[in-house]
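Numbering (UniProt numbering) for the sequence shown: 1 to 317. Think of the CB as a built atom: it goes at the ideal place given N, C-alpha and C, for glycine as much as any other residue. Because the structure is a prediction, the values reported are computed rather than measured.
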Amino acid sequence: MHSYTTVSTSSSMTCDTFYFDGVQQTKLASRMQKVLNEIRRRTKDGKIKFVEIRSHNTFPASSGLASSASAYASLAIALTNLFNLDDAQSTAAYLARIGSGSAVRSIYGGFVRWSSEGECLSSCVFPAEHWSEFRIVILIFNSSKKAVSSTDAMQRTRQTSTLFQARLSTINEKMTQLIEAIKNKDFNAFAKIVMMDSSQFHAVCMDTYPPVIYLNEQSKHLIHLVHAYNQMDGDQTTKVAYTFDAGPNPFCFIRQEHVDEFLRLLKYFYPTVNADADKQVSSDADEKFSSITLPVTPNVLERIVLTKIGSGPKIIS
């Protein structure tokens with residue numbers, strides 16, 4: 001999963017322009033305009049007035065896959081590099097934060113913590129190679145733009161949810177536990193924290209008024225499927241963990257040794273009818289997975305993305 005962003009400037013430009021996936025946007029988002037205004041304030045060369053931005057994501061936007069975080073981090077790095085700004089990484093983090101709060105974490109690679117001590121303060125807790133067998137399987141059930149944006153949902157939640165403050169009171173303890181689990185590569189502990197936190201997050205969304213409902217029926221099916229799969233062999237080993245951001249599409253965390261079997265499980269329960277890419281799984285797999293008493297639901301999974309922890313933004317040219 002990547003966001004590719006190019007930024008250019010010229011004295012002949014008469015306005016800021018933004019192209020997303022090759023299509024010129026008629027209006028810049030207010031957050032993007034704020035980022036550009038901050039760049040102008042920091043730029044020593046007063047002749048630089050306008051920029052052209054071209055951005056492309058390899059995954060759907062506005063569907064709960066953190067596209068804004070990736071895009072604004074990419075934009076911040078590109079602008080910082082183009083204008084050769086001082087203290088590049090912290091400046092990029094500041095610019096990214098103007099665009100999207102979660103973009104602060106995307107400035108760095110590996111396992112990143114966004115500190116509560118400052119809105120723009122984030123740091124790499126462990127590099128990507130610390131847990132080299134760690135993988136992420138992303139299931140895209142719905143690539144459509146979500147009905148309630150993350151920003152609007154957050155504002156509504158702050159104003160109306162009685163569970164929100166209770167959630168905030170547990171964050172520091174969970175962060176400490178999560179960092180310890182990653183440090184020790186304790187997947188069982190990691191998985192439990194992540195899945196319970198995901199459930200709590202969406203409970204807060206439901207407690208918001210009017211309620212913010214990001215999960216759909218396929219999201220719920222996947223939750224049940226993951227727990228059934230983890231219990232299938234009768235031992236205490238957790239193979240897969242899920243989490244949902246502000247959308248219906250799950251991020252499934254897994255170690256490399258279990259990836260092949262998990263992909264077969266997904267093809268068994270979410271088959272694509274008459275698609276050459278989804279060939280019939282083996283009879284052994286059929287027999288094993290048939291012990292899970294959940295319905296098979298064809299043609300609901302648009303795409304599977306297999307990825308891993310990245311090493312951070314890169315300047316291509």
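Item, Value
"Cβ-based neighbour list, SER311, same chain, cut-off 6 Å, excluding 5 preceding and 5 following", "GLY109 and ALA128"
"Rounded distance between the beta-carbons of HIS2 and residue 377, thought under 8 Å", "Because the chain in this structure spans residues 1 to 317, residue 377 falls outside the shown range and cannot be described."
"Touch test, the stretch 153-165 against the stretch 188-205, Cβ-Cβ under 8 Å, three pairs minimum", "yes"
"Three-pair Cβ contact test at 8 Å for the stretch 92-108 versus the stretch 132-147", "no"
"Pairwise C-alpha distance: ALA29 and PRO211", "26 Å"
"Proximity below 8 Å, CB of TYR270 to CB of THR297", "yes"
"Cβ neighbours of CYS252 in the same chain (closer than 6 Å, five flanking residues each side left out)", "VAL137, VAL240 and TYR242"
"Cβ-Cβ separation, ILE77 to GLU38 (assumed contact under 8 Å), whole Å", "With 8 Å as the limit, GLU38 and ILE77 do not qualify as a contact, their Cβ atoms being about 14 Å apart."
"Rounded straight-line distance, which links the Cα of LYS314 to that of ALA71", "13 Å"
"Burial state of GLY247, where buried means 16 or more other Cβ atoms lie within 10 Å", "buried"
"Spatial distance of ASN299 from SER144 (CA atoms)", "16 Å"
"DSSP bridge partner residues for VAL7 (one or two, in chain order)", "ILE53"
"Distance between beta carbons of GLN256 and GLU133, contact taken as under 8 Å", "4 Å"
"Length of the line joining the Cα atoms of SER90 and SER100", "15 Å"
"SER317 classed as buried or exposed, judged by whether at least 16 other C-beta atoms fall within 10 angstroms", "exposed"
"Three-state secondary structure (DSSP) of ILE171", "helix"
"Alpha-carbon to alpha-carbon, THR162 and VAL194", "22 Å"
"Endpoints, beta strand (DSSP E) assigned at LYS308", "303-308"
"Classification of ARG158 by the beta-carbon crowding that lies within 10 angstroms, buried from 16 upward", "exposed"
"SER122 in three-state terms, based on DSSP", "strand"
"Contact under 8 Å by Cβ, ALA228 with LEU301", "no"
"Span separating the alpha-carbon of GLN25 from that of THR6", "15 Å"
"Span separating the alpha-carbon of SER10 from that of LYS49", "8 Å"
"Sub-8 Å separation of TYR4 and SER68 beta-carbons", "no"
"Residues of its chain near THR43, where Cβ-Cβ distance is below 7 Å and the 5 sequence neighbours each way are ignored", "PHE83"
"Selection from SER198, GLU52, PHE20 and LEU65 that minimises the alpha carbon distance to VAL305", "LEU65"
"8 Å Cβ cutoff met for VAL23 and LEU95", "no"
"Given GLU261 as reference, the closest of ASP86, PHE289 and CYS124 once Cα atoms are compared", "PHE289"
"Buried versus exposed call for THR14 [16 or more other C-beta atoms within 10 Å across all chains shown]", "exposed"
"Three-way DSSP call (helix, strand, coil) for THR157 in this model", "helix"
"Span of the beta strand (DSSP E), counted from its first residue to its last, around ALA241", "240-244"
"Test: GLN33 CB closer than 8 Å to a CB of chain D", "Within the model displayed, chain D is absent; a lone protein chain is all it includes."
"Within 8 Å, strictly: CB atoms of SER122 and ARG135", "no"
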